[in-house]
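**Q**
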Amino acid sequence: MALTFANNVLQPIYHGCTINPLCRKLLAAVTICFLTFINAYDIKFTTRMQNVFSLTMISSLVVIVMGGMVWMAQGHLENFEDGWAGTNSSVSDWSVAIFLGIFSYSGWNYLNFMTEELRDPFVNLPRAIYISLPLVTAIYIMANVSYLAVLGQDVLTTEAIAVDFATAILGWLRWVMPALVCIATLGGLSVNIMTSSRICFAGARNGHMPELLAHINIKCMSPMPSLVFLMLLSLLMLIPDNLTSLITYCTVVESFFTTICCSAVLWLRHKKPNLPRPIKVLFALNFFIYKK
């Protein structure tokens, strides 16, 4: 996500030229360090900042959806006539495509990692899941339809799709979209940093990771060792220059552990059906996620 942010910042500056990979990596590294610092030293400010980022993210997607609807209403439907052109039936390519699609929804389970800091989680956690998942799914599908309607096959080659979309359809207002996308990407990255640090903290507290990561900064009340550990790990992940490959690798690993978690839920439902469950979801939903 830091590389995506860097792409959208540098795209207008390079103005059609190839972005220097070193500049992209340096900007991504500075962004990761800055957001880690904010998450470590001021949780309240991070929460307020995240609200602004979330609103900006939804606003940018609404602009994209509305722009695409207007474009299609004007009769520009030619990009849907050969939508399957250039595709293939390779199982491996389909698998990669599915994993890349899963990455787009990778934030769907992040709130689960924050239950200890969530107010009235037994009420608010299911409510957030049942509201946000259908909403995000609908908005994301409509945004992709808008991209395809306006850009056609160019969506496969662009590195900053929202910027190219804005250039094609928004005219002199095209400068707004890079700003919105940058802010939205910062929000997504901040959420990743916040939630992933809690995973390391909880794992270390249960003895699955080094004990050092289970410590909390008393003054800031944040899992600072976990945040620093993840920052260093994220900086190492910037070494590869192929963004698509990096997304694929990360998504495969994340999907593997998601499958393990869903398998554990199915096993517990079968072997220990009478265990107390403060939050219980439909069995069919667990099975669907597992099969996915």
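According to my numbering, the sequence shown is numbered sequentially starting from 4.
Heads up, the beta-carbon is just placed ideally off N, CA and C, and yes, glycines get one too.
Considering only the beta carbon of each residue, do N54 and V166 sit closer than 8 Å?
**A** The answer is no: Cβ separation not under 8 Å.
**Q** For a quick check, are the C-beta atoms of L38 and S229 less than 8 Å apart?
**A** It is not a contact, given that the beta carbons lie outside the stated cut-off.
**Q** Would you call A100 buried or exposed, if buried means 16 or more other Cβ atoms sit within 10 Å of its Cβ?
**A** Exposed, since its Cβ has fewer than 16 Cβ neighbours within 10 Å.
**Q** Given this structure, state the Cα-to-Cα distance separating V68 from A152, to the nearest angstrom.
**A** In a straight line, the C-alpha of V68 is about 11 Å away from that of A152.
**Q** Nearest-angstrom Cα distance between A205 and N115?
**A** Answer to the nearest angstrom: the Cα atoms are 12 Å apart.
**Q** M180 and S62: beta carbons closer than 8 Å?
**A** Against a cut-off of 8 Å, the Cβ pair of S62 and M180 comes out as no contact.
**Q** Identify whether N42 lies in helix, strand or coil by the three-state DSSP scheme.
**A** Of the three classes helix, strand and coil, the one that applies to N42 here is helix, per DSSP.
**Q** May I have the straight-line CA-CA distance separating T7 from T188, to the nearest angstrom?
**A** T7 and T188: Cα-Cα distance of roughly 7 Å.
**Q** Could you check whether the stretch 218-232 touches the stretch 43-59, counting it as contact only if at least three pairs of C-beta atoms, one from each stretch, sit closer than 8 Å?
**A** Touching, yes, given that three or more Cβ pairs across the two stretches are closer than 8 Å.
**Q** Does DSSP classify N195 as helix, strand or coil?
**A** Three-state result, N195: helix.
**Q** In this structure, how does DSSP classify S248 when only helix, strand and coil are distinguished?
**A** Looking at S248 - three-state DSSP - the assignment turns out to be helix.
**Q** Please state if the CB of A5 and the CB of I35 are separated by a distance shorter than 8 Å.
**A** Yes. Within cutoff.
**Q** According to DSSP, simplified to helix, strand and coil, what is S93?
**A** S93: coil per DSSP, three-state reduction.
**Q** Taking all protein chains shown into account, do 16 or more other C-beta atoms lie within 10 angstroms of the C-beta of F40, making it buried, or fewer, making it exposed?
**A** Label assigned to F40: exposed.
**Q** For V65, which residues from the same chain have a beta carbon less than 8 Å from its beta carbon, with the 5 sequence-adjacent residues on both sides left out?
**A** So the list reads I142, once near-sequence residues are dropped.
**Q** Of the residues F232, H211, W178, which one's Cα is nearest the Cα of S200?
**A** Of the candidates F232, H211, W178, the one whose C-alpha sits nearest the C-alpha of S200 is F232.
**Q** Give me whichever residues DSSP pairs with N220 in a beta bridge.
**A** Paired residue(s): S225.
**Q** Who are the Cβ neighbours of T170 in its own chain at under 6 Å, not counting the five residues just before and after it?
**A** If we look at T170 and ignore the five residues flanking it on each side, its Cβ neighbours are R177.
**Q** DSSP state of M212, grouped into three classes?
**A** The answer is coil: DSSP assigns M212 none of H, G, I, E or B.
**Q** Rounded to whole angstroms, what is the Cα-Cα separation between A207 and P226?
**A** C-alpha separation (whole angstroms): 11 Å.
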